[in-house]
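Below: one structure, written as structure tokens.
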Amino acid sequence: MKFAAMLPEARQLLLMFFAAALVACGSSEVRDGAPSGSVRIPDLPDDPTPRPEPRSKYGNGPRYEVFGKRYSVMSSSDGYKERGVASWYGQKFHGNLTSNRETYDMYQMTAAHKSLPLPTYVRVTNLSNDRSVIVRVNDRGPFVHNRIIDLSYAAALKLDMVKTGTSLVEVEAIGFGDPPGDRPVRAVTPPEPAVRMPQSTAPHIDEDRIFLQVGAFGSRENAERRLATLHNANILAAFVVQDTSSSPALYRVRIGPIRGIVQYDIVVEELENLGIQDPYLISE
């Protein structure tokens, strides 16, 4: 029976079951494991300083195939910004070659992405605690549904997502204009690195602030039509917000609050079944 067709009580029980299973197995999203022994954040390297680099000769497509699915590499990282789920990988891949033929070091600030050019510098913000880091993308992945970036162990540790294995994040590319290619690297003033925030002083972001936006309409009638579609599919936590900060006003359809990765995955799957693509995570 499809999740959308279940009674609310059954859907709630299923959600509780998934959440319990996730806790029981530790983290099914972690590709391997953390290193043995304790590692402290002060022992990790600083975030890399973004700088324009020539594209790698390896790992830049323009197309490639993994597990029977084809992926395309972006021509440029300029303007890239996305919210979704981050995972991390560590000890099992430590010392192996990345997609651009560098050696993966789980203690360095790197990441894997399916389509950004290699290398690309991105700022990753954990939406659950507002921590932010800068990483250098030099690998391909994660090839798991609903995952947008795979972080090194060091980056995941700084973002306080090692134990959970995944987190809702925002990923934003740090661009320098057109990719340098084989041209000489331009001298530019790089953006300021992300602020390193000790764990004890990191602000707490209540999960009640995280929502999925599934449409922005110029008329309330269209927004109500989208809302009715969601309610008919038993996605009952959907509502309409009138945004008067724009002119004319927009009517934004949102679902939430989203409490954790399990609920996010379930809702996104239901939206895909309804033909609603690319929901956007927002935090308020």
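In this text, residue positions in the sequence shown follow our numbering: the first is 6, and each later residue adds one. We treat Cβ as the ideally placed atom computed from N, Cα and C, and that holds for glycine. Small disclaimer: the values here were computed from a predicted structure and weren't measured.
Asked                                                                                                                                                                                                  : Found
Assign Gln-282 to buried or exposed, taking buried as 16 or more other Cβ atoms, counted over all protein chains shown, within 10 Å of its Cβ.                                                         : exposed
Distance check for Asn-143 and Pro-122, CA to CA, integer angstroms please.                                                                                                                            : 9 angstroms
I believe Arg-230 touches Pro-262 by the beta-carbon criterion, under 8 angstroms. Please report the beta-carbon distance rounded to the nearest angstrom.                                             : Not a contact, Cβ separation roughly 23 angstroms.
Helix, strand or coil for Gln-247? Go by DSSP, reduced to three states.                                                                                                                                : strand
The alpha helix (DSSP H) spanning Lys-163 covers which residue range?                                                                                                                                  : 158-163
Starting from the Cα of Ser-43, find the closest Cα among Asp-248, Val-167 and Pro-124 and give me that residue.                                                                                       : Val-167
As a quick exercise: from Gly-220, Thr-169 and Glu-275, pick the residue whose alpha carbon is nearest that of Tyr-285.                                                                                : Gly-220
Between Gly-84 and the rest of its own chain, which residues show a CB-CB distance below 8 angstroms, the 5 nearest in sequence each way excluded?                                                     : Ala-178 and Gly-180
Between which two residues does the alpha helix (DSSP H) harbouring Ala-228 extend?                                                                                                                    : 225-237
Rounded to whole angstroms, how far is the Cβ of Gln-96 from the Cβ of Met-114, which I believe are closer than 8 angstroms?                                                                           : Between Met-114 and Gln-96 the Cβ distance is about 17 angstroms, and since that is not below 8 angstroms, they are no contact.
Counting C-beta neighbours from all protein chains within 10 Å, is the total for Thr-130 16 or more, i.e. buried, or is it exposed?                                                                    : buried
For the beta strand (DSSP E) containing Gln-218, name the first residue and the last one.                                                                                                              : 215-222
Going by C-alpha distance, which of Ser-120, Pro-40 and Ser-82 is nearest His-99?                                                                                                                      : Pro-40
Please go through the same chain and pick out, in chain order, the residues whose beta-carbon is closer than 6 angstroms to the beta-carbon of Leu-235, but skip the five residues on each side of it. : Ala-243
Over the uninterrupted beta strand (DSSP E) stretch that includes Val-258, give me the two end residues.                                                                                               : 255-260
Helix, strand or coil: which one does DSSP assign to Glu-289?                                                                                                                                          : coil
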